[in-house]
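As given, the protein sequences belong to chains V and F, one line each in that order.
According to the numbering used here, numbering within the first sequence proceeds without interruption in unit steps and concludes at 142.
According to the numbering used here, numbering within the second sequence proceeds without interruption in unit steps and concludes at 466.
Beta carbons: idealized from backbone N, C-alpha and C, even for Gly.
Computed from a predicted model, the values in this text were never measured in an experiment.
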Amino acid sequence: MPAGFISNLYVFILAGFVGFEVIRRVSPLLHTPLMALTNALDAIVVVAAIIIAGRRGTALSEILGAIAVAAAFSNMVGGFLITDRMLRMFKLSGRKKQ
Amino acid sequence: MNAITLQYLTDFSYIIAIALFVLSLKWLSSPATARRGVLAGEIGAAMAVVTTFFNPELVQFKWILIALLVGTMIGIPLGLVHMTAVPQRTAMSHAFGALAAALIGISEYYMRIPHITKFEMTEIALEVIIGSLSFTGSLIAAGKLQEVLPQRPIVYRGQNVVSLSVLGASVLAALVLIFNPMAPFFFPAMVIISLLFGVLLVTPIGGADMPTVIALLNSYVGLTAALLGFVLNSKVLVVAGALDGSSGFILAVIMCKAMNRSFTNVVFGAFGQLQVSAKGEEEEKIVHTASPEEAAAILGAANTVLIVPGYGMAVAQAQHKVRELLDVLTKKGVDVKFGIHPVAGRMPGHMNVLLAEADVPYDKLIEMDDANSEMPQIDVALIIGANDVTNPAAKTDQSSPIYGMPIIEVDNARTVMVIKRSLSPGFAGIDNPLFYLDKTMMLFGDAKSFVGGIIKELTGGGE
Chain V
45 MPAGFISNLY VFILAGFVGF EVIRRVSPLL HTPLMALTNA LDAIVVVAAI
95 IIAGRRGTAL SEILGAIAVA AAFSNMVGGF LITDRMLRMF KLSGRKKQ
Chain F
4 MNAITLQYLT DFSYIIAIAL FVLSLKWLSS PATARRGVLA GEIGAAMAVV
54 TTFFNPELVQ FKWILIALLV GTMIGIPLGL VHMTAVPQRT AMSHAFGALA
104 AALIGISEYY MRIPHITKFE MTEIALEVII GSLSFTGSLI AAGKLQEVLP
154 QRPIVYRGQN VVSLSVLGAS VLAALVLIFN PMAPFFFPAM VIISLLFGVL
204 LVTPIGGADM PTVIALLNSY VGLTAALLGF VLNSKVLVVA GALDGSSGFI
254 LAVIMCKAMN RSFTNVVFGA FGQLQVSAKG EEEEKIVHTA SPEEAAAILG
304 AANTVLIVPG YGMAVAQAQH KVRELLDVLT KKGVDVKFGI HPVAGRMPGH
354 MNVLLAEADV PYDKLIEMDD ANSEMPQIDV ALIIGANDVT NPAAKTDQSS
404 PIYGMPIIEV DNARTVMVIK RSLSPGFAGI DNPLFYLDKT MMLFGDAKSF
454 VGGIIKELTG GGE
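This is the structure in structure tokens:
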């Protein structure tokens, strides 16, 4: 078993609980933006893809890495963009333009 | 800058990114702070990406930059879609997320062989299997939501046996690889079989179950990213994956509860297939219909109106007309609220963003439980394009496939109005006794033009 595994497992379990506690409080009103935002955050796999695409490797790994960069980065850009667009639409009655 | 300092800087920027991600989700809990949450997430993500460019392992940047450009060009249009298209956009983004994670795992396998331990091989195999099946599963979900593929569940005899055998085959391939990582063809076979399983997993699931399926796929994608974090020993991926995974999981649980069903039932149940024929002979039932004029007269005279929107409102693009109706009725002194069922629409929270896009203030939107406790004081419950989520059979008819599902109890309102194209049953294929109640008025027609007709009556006739 690699040395990092156990510490990663600690991190995973704790992050899972943190996620559970934080996300449980999100109002059902915002469940769609929540899904869009977590998608954008999950797109952080782009940092791993960048290394795969740019390090010294085989042609295959460079191609797979580059596709992964494009796929993940499209989620990052699109996810933040649409979350912000959706949130701007949520208004209270008082602030409505007449 | 030497390599060790650089490593510390990278680690610190990733740690700050993780902290910002948690804050980002925390701020999303209320609409007042939610946009700050997006900003926090953006800063965290940008920091992590920029510091990654200083990684000493990187020897070429051309393809990275091209790929980032391509990603931006795909991402921007996907970020600008209309709110009606958000469910399929979400499914597409799950597919992209799963694709990225699966490709990285595949590339790691080919980089590491033949020097790969059993432990590493197990991690990679698990990551690639879940990533691949989430990729094709999400594509099928997106196809169904875009109506490129039929929304009805596609089922055949022995389906679950076939699907589970396919999953078994990919696990078997993984086991062979764990004991002999160099076994020829087993790795590509494992990937292809997992891709196939993703297709088989989602094809039998019908449109009405999409909120649960999207949430489940969301949690798979998160899990894939977390597993990739284990493979690459990258804690930023472990955390982001765990957050995404728990979010999808929580949403899936909420969706299941709102339908009174279990995960296995959603995935293997092929909802509502046989019930239509099981109904048998229909006795003549009396239906009261009404014209836009009659509906307008009753709505205008009401004190309290509860609008219950469903997927049909999205299909008819009626949300902007519905907002106009809200304005007209509010001006007449009618108290109008919207009752939102958790599974109304095609993804969690779908109705809320649709109505928000149409400028309906969010304090007018109330959740199911609140709607039900206010129901006895409601003069008119107006149902637009919703069916199963208001079906009283869920409370009374034990033989109904939706028996036990929590509903918005519109039958407790004084008058019920249902805007619907025809009497045909909803996606679940279940007849709705609500339509035959004495206090129910069926408003047959297209939701958008019918609401338009009511507005015309209210504005023209009222002054």
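Helix, strand or coil for F341 of chain F? Go by DSSP, reduced to three states. Position 338 of the second sequence, counted from the first residue, corresponds to residue 341 of chain F. Three-state result, F341 of chain F: strand.
Between F:L358, F:N435, F:V52, which lies nearest to V113 of chain V when the distance is taken from Cα to Cα? The sequence position of residue 113 of chain V within the first sequence is 69, counting from 1. For the set F:L358, F:N435, F:V52, the Cα lying nearest the Cα of V113 of chain V is the one of F:V52.
Beta-carbon of G146 of chain F versus every beta-carbon of chain V: anything under 8 Å? Working through the second sequence from its first residue, we reach residue 146 of chain F at position 143. Output row for G146 of chain F: interface = no.
Cβ-based burial, I253 of chain F [other Cβ within 10 Å; buried from 16]: Position 250 of the second sequence holds residue 253 of chain F. With 16 or more Cβ atoms within 10 Å of its Cβ, I253 of chain F is classed as buried.
Which term fits M76 of chain F, buried or exposed, when burial requires 16 or more other beta carbons within 10 angstroms of its beta carbon? Stepping through the second sequence from its first residue, residue 76 of chain F is reached at position 73. It counts as exposed.
Members of the stretch 353-382 of chain F that neighbour chain V once the beta carbon cut-off is set at 8 Å: H353, N355, V356, A359, E360, D362, P364, Y365, D366, K367, L368, E370
I'd like to confirm the pairing. Which residues does DSSP put opposite T292 of chain F in its beta bridges? If you number the second sequence from 1, residue 292 of chain F lands on position 289. Its beta-bridge partners are F:M445.
Using 10 angstroms around the beta-carbon of H353 of chain F, count the other beta-carbons present and answer buried if the total reaches 16, otherwise exposed. Walking along the second sequence from the start, residue 353 of chain F turns up at place 350. Buried: at least 16 other Cβ atoms inside 10 Å.
Just how far apart, CA to CA, sit A293 of chain F and I433 of chain F? Residue mapping note: residue 293 of chain F aligns to position 290 of the second sequence, counting from 1. Residue mapping note: residue 433 of chain F aligns to position 430 of the second sequence, counting from 1. Cα-Cα distance, rounded: 23 Å.
Just to confirm before moving on: does the CB-CB distance between L363 of chain F and T393 of chain F stay below 8 Å? In the second sequence, the residue the question calls residue 363 of chain F occupies position 360. In the second sequence, the residue the question calls residue 393 of chain F occupies position 390. The residue you asked about is not Leu; residue 363 of chain F is Val in the sequence shown. No, Cβ-Cβ distance for V363 of chain F and T393 of chain F is not below 8 Å.
Are the stretch 138-147 of chain F and the stretch 93-109 of chain F in contact at 8 Å, needing three or more beta carbon pairs? yes
So which residues of chain V does I133 of chain F contact, with C-beta pairs closer than 7 Å? In the second sequence, the residue the question calls residue 133 of chain F occupies position 130. Within 7 Å Cβ-Cβ: nothing; I133 of chain F doesn't reach chain V, min ~13 Å.
Using a Cβ-Cβ distance cut-off of 8 Å, determine whether V239 of chain F contacts chain V. In the second sequence, residue 239 of chain F corresponds to position 236, counting from 1. So, interface residue.
Mind pulling the alpha helix (DSSP H) runs of 4 or more residues that sit fully within the stretch 395-444 of chain F? 396-399
Using a Cβ-Cβ cut-off of 8 Å, state whether L125 of chain V counts as contacting chain F. Mapped onto the first sequence, residue 125 of chain V falls at position 81. Chain F, which has a Cβ nearer than 8 Å to the Cβ of L125 of chain V, makes this yes.
Classify V151 of chain F: buried if its beta carbon has 16 or more other beta carbons within 10 angstroms, exposed otherwise. Position 148 of the second sequence, counting from 1, holds the residue named residue 151 of chain F. Around the beta-carbon of V151 of chain F, fewer than 16 other beta-carbon atoms lie within 10 Å, marking it exposed.
What is the DSSP secondary structure of R99 of chain V, counted as helix, strand or coil? Counting from one through the first sequence, the residue named residue 99 of chain V turns up at place 55. In the structure shown, R99 of chain V falls within a strand segment according to DSSP collapsed to helix, strand and coil.
Just to make sure I have the definition right: I need the residues of chain V whose C-beta is within less than 7 Å of the C-beta of K29 of chain F. Which are they? Counting from one through the second sequence, the residue named residue 29 of chain F turns up at place 26. Per Cβ cutoff of 7 Å: V66.
Hey, is I50 of chain V's beta-carbon within less than 8 Å of any beta-carbon in chain F? Taking the first residue of the first sequence as position 1, residue 50 of chain V is located at position 6. No, no contact with chain F.
Beta carbon of I181 of chain F, beta carbon of K121 of chain F: below 8 Å? The sequence position of residue 181 of chain F within the second sequence is 178, counting from 1. The sequence position of residue 121 of chain F within the second sequence is 118, counting from 1. Yes, these two residues count as a Cβ contact at 8 Å.
Pick out whichever of F:A128, F:G315, F:P379 has its Cα sitting closest to the Cα of R3 of chain F. The structure shown does not extend to residue 3 of chain F, since chain F spans only 4 to 466, so no value can be given for it.
Run of the beta strand (DSSP E) containing L309 of chain F, from where it starts to where it stops: Against the second sequence, residue 309 of chain F aligns to sequence position 306. Per DSSP, L309 of chain F belongs to the beta strand (DSSP E) from 307-312.
If you measure from the beta carbon of T55 of chain F to each beta carbon in chain V, is any gap under 8 Å? To locate residue 55 of chain F, count along the second sequence from 1; it is residue 52. For T55 of chain F, the answer is yes, since a Cβ of chain V falls inside 8 Å of its Cβ.
Could you check which residue in F:G47, F:P207, F:V41 has the C-alpha nearest to that of I21 of chain F? Reading the second sequence from its first residue, position 18 is the one you call residue 21 of chain F. Taking only the C-alpha atoms, the option nearest I21 of chain F is F:G47.
Hey, out of F:L309, F:Y17, F:P191, F:L426, whose CA is closest to Y113 of chain F's CA? Sequence index remark: in the second sequence, residue 113 of chain F carries index 110 (1-based). When each option's Cα is compared against that of Y113 of chain F, the closest is F:P191.
Suppose contacts are defined by Cβ-Cβ distances below 8 Å. Is P77 of chain V in contact with A37 of chain F by that definition? Here residue 77 of chain V is taken as the residue at index 33 of the first sequence, counted from 1. Here residue 37 of chain F is taken as the residue at index 34 of the second sequence, counted from 1. Result yes, Cβ atoms of P77 of chain V and A37 of chain F sit closer than 8 Å.
Label S452 of chain F either buried or exposed according to how many other C-beta atoms from any shown protein chain fall within 10 Å of its C-beta, with 16 as the threshold for buried. Against the second sequence, residue 452 of chain F aligns to sequence position 449. So S452 of chain F counts as exposed.
Select from the stretch 85-110 of chain V all residues with a C-beta closer than 7 Å to any C-beta belonging to chain F, and list them in chain order. From the stretch 85-110 of chain V, only L85, D86, A87, I88, V89, V90, V91, A92, A93, I94, I95, I96, A97, G98, R99, R100, G101, T102, L104, S105, E106, L108, G109, A110 have a Cβ closer than 7 Å to chain F.
Cβ neighbours of S135 of chain F in the same chain (closer than 7 Å, five flanking residues each side left out): As a first step, residue 135 of chain F is located in the second sequence; it is residue number 132 there, counting from the start. The residues are A105, V194, S197, L198, G201.
I want to check one thing, is the minimum distance from the CB of V241 of chain F to the heavy atoms of the ligand HEM below 7 Å? The ligand HEM is absent from the structure shown, which contains no ligand whatsoever.
So for A384 of chain F, helix, strand or coil by DSSP? Position 381 of the second sequence holds residue 384 of chain F. Of the three classes helix, strand and coil, the one that applies to A384 of chain F here is strand, per DSSP.
Below 8 Å, can you find three or more Cβ-Cβ pairs linking the stretch 239-248 of chain F to the stretch 221-229 of chain F? Contact holds: three or more Cβ-Cβ distances are below 8 Å.
Using only the alpha-carbon positions, how far apart do F56 of chain V and A229 of chain F sit? The residue you call residue 56 of chain V lines up with position 12 of the first sequence. The residue you call residue 229 of chain F lines up with position 226 of the second sequence. Rounded to whole angstroms, F56 of chain V to A229 of chain F spans 7 Å at the Cα level.
Would you report the Cα separation of V62 of chain F and F233 of chain F, rounded to the nearest angstrom? Residue mapping note: residue 62 of chain F aligns to position 59 of the second sequence, counting from 1. Residue mapping note: residue 233 of chain F aligns to position 230 of the second sequence, counting from 1. The straight-line gap from Cα to Cα measures roughly 24 Å.
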